[in-house]
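S.K.: Read in the working numbering, the sequence shown has 142 at position 61, and its numbers run on one by one without any break.
So that we are looking at the same thing, I have put the structure below in structure tokens.
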Amino acid sequence: APVLNNVEKIKETAETPSVNTHQGAIQDISQDNKLQGDTTKPTCIKSEKVPAMLLDSWLYHDGSGFYYCSRCIIGDKRYLSCSVPKCEARGWMTLERGAPITLRRTHNHGPQPPHHLQELWFFHRLKLRAQREVDIPFSKIYQEEAVKNPEGAALIPE
82 APVLNNVEKI KETAETPSVN THQGAIQDIS QDNKLQGDTT KPTCIKSEKV PAMLLDSWLY
142 HDGSGFYYCS RCIIGDKRYL SCSVPKCEAR GWMTLERGAP ITLRRTHNHG PQPPHHLQEL
202 WFFHRLKLRA QREVDIPFSK IYQEEAVKNP EGAALIPE
């Protein structure tokens with residue numbers, strides 16, 4: 082399936098995380114941990130790095146339909162927040178590829194629909210091609226990608 086090919090390509094690229102050691106970020110993380118106490122909920126499901134809607138932005142998918150933005154990296158942990166606006170869910174994961182996400186605060190909403198992941202990958206392919214192939218009309222790029230991934234095209238109208 083086209084989505085799997087995109088996932089495999091991204092997994093081949095090396096990740097170069099930016100480390101944020103800002104004191105305010107550390108205080109925010111500490112506050113998150115105090116609020117939830119020791120009620121961590123580790124998942125046994127491997128996480129997956131997936132494209133966000135913004136170009137060159139990434140999310141982390143926990144395999145259960147929830148997506149997280151990276152807030153900062155401190156030491157060997159990446160601290161995350163839910164990608165849904167106004168959701169206060171927070172978590173962390175180690176820096177290894179596929180590391181499970183441990184929740185520190187729970188979500189105030191349900192998981193994204195199963196097709197959301199395919200929608201993100203299809204939109205990612207469109208953005209990359211539009212950026213690299215500036216002399217080709219977007220409608221032509223869309224049509225070519227729609228042939229490769231009709232399920233994704235059905236989710237994002239031209």
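Backbone N, C-alpha and C fix where the C-beta goes; we use that ideal spot for every residue, glycine too.
(1) Check whether the stretch 183 to 193 touches the stretch 142 to 151, counting contact only when three or more Cβ pairs, one atom from each stretch, lie closer than 8 Å.
(2) Starting from S162 and walking both ways along the alpha helix (DSSP H), at which residues does that stretch end?
(3) Can you list, in chain order, the residues of its chain with a C-beta nearer than 8 Å to that of G179? Leave out the 5 residues immediately preceding and following it.
(4) Buried or exposed for G156, please, with buried defined as at least 16 other CB atoms from any protein chain shown within 10 angstroms of its CB.
(5) Smallest Cα separation from M134: which of L161, L207, D216, M174?
(6) Please list the terminal residues of the continuous alpha helix (DSSP H) segment that includes E249.
(7) Taking the alpha-carbon positions, what's the L201 to T175 distance?
(8) Apart from the five residues just before and just after S220, which ones in its own chain have a Cβ nearer than 7 Å to its Cβ?
M.R.: This is what the structure holds:
(1) yes
(2) For S162, there is no enclosing alpha helix (DSSP H); the enclosing beta strand (DSSP E) has its first and last residue at 158 to 163.
(3) K127, S128, E129
(4) exposed
(5) L207
(6) No statement about residue 249 is possible, as the shown extent of the chain runs from 82 to 239 and does not include it.
(7) 24 Å
(8) E239
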